[in-house]
Amino acid sequence: LFVAAIGFAAVAAWFYFDERRDQPEENIPPTAQPGQHNLASVVTALQDAGVDAKVGRGTTALTEQLPDQRGQLVDIGDGAQELYVFIYTDPTTGVEDRQAASDALDPATLTLSTRAGQALAEGEELHVSAGSNVIAVLAGGDDELVAQVQEAIESLP
Numbered sequence: 001l002f003v004a005a006i007g008f009a010a011v012a013a014w015f016y017f018d019e020r021r022d023q024p025e026e027n028i029p030p031t032a033q034p035g036q037h038n039l040a041s042v043v044t045a046l047q048d049a050g051v052d053a054k055v056g057r058g059t060t061a062l063t064e065q066l067p068d069q070r071g072q073l074v075d076i077g078d079g080a081q082e083l084y085v086f087i088y089t090d091p092t093t094g095v096e097d098r099q100a101a102s103d104a105l106d107p108a109t110l111t112l113s114t115r116a117g118q119a120l121a122e123g124e125e126l127h128v129s130a131g132s133n134v135i136a137v138l139a140g141g142d143d144e145l146v147a148q149v150q151e152a153i154e155s156l157p
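Written out as structure tokens, the structure reads:
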């Protein structure tokens, strides 16, 4: 009886400490549907393209050229570069509308600001990329980073 109790205790301990038993092999984020991307799927696409990207904790960006959209912050690298992601979530807004909005953006005259009107990315060269329901504005960055961001955003289905 004593040996059976030790055996049951060993099995219970094994189940308790075997954390990986019911866990999937890796944490796989859900796949976004074409035209329905969110900030998490954009960050995942950037990471897949080799960009060190994470959701930023900063403020949202506004621009007069996209009056109905708010840009969400994505920190690039150690935070030296900022990427503002404008996501079209309204189902009545099609890819054509987003494409027309991105085509109308002129990086030379584009300005970003906070809701309080404080300028963002002052003195930085702005780069605009668009894909699916996303417009991304990168503040600064070298040619390699600009190309990686553009590839990631344009590859969104």
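Residue numbering for the sequence shown follows my numbering, beginning at 1 and increasing consecutively. Glycine included, C-beta positions come from ideal geometry on N, C-alpha and C. What you are looking at is a predicted structure, and each value in this text was computed from that prediction instead of being measured.
Extent of the continuous beta strand (DSSP E) to which residue i belongs
| i | result |
| --- | --- |
| residue 82 | 81-87 |
Alpha carbon of residue i to alpha carbon of residue j, nearest angstrom
| i | j | result |
| --- | --- | --- |
| residue 107 | residue 17 | 55 Å |
| residue 133 | residue 7 | 58 Å |
| residue 186 | residue 118 | Within the shown structure, residues of the chain are numbered from 1 to 157, placing residue 186 beyond reach of any answer. |
| residue 157 | residue 131 | 7 Å |
| residue 83 | residue 96 | 23 Å |
| residue 154 | residue 75 | 19 Å |
Among the options, the one whose alpha carbon lies nearest that of residue i
| i | options | result |
| --- | --- | --- |
| residue 113 | 60, 2 and 54 | 60 |
| residue 121 | 140, 115, 128 and 136 | 140 |
| residue 80 | 13, 52, 64 and 92 | 52 |
Bridge partner(s) assigned by DSSP for residue i
| i | result |
| --- | --- |
| residue 71 | 61 and 86 |
| residue 126 | 139 |
| residue 76 | 53 and 81 |
DSSP-derived helix/strand/coil call for residue i
| i | result |
| --- | --- |
| residue 136 | strand |
| residue 113 | strand |
| residue 53 | strand |
| residue 39 | helix |
| residue 121 | coil |
Where the alpha helix (DSSP H) containing residue i begins and where it ends
| i | result |
| --- | --- |
| residue 10 | 2-17 |
| residue 100 | 95-104 |
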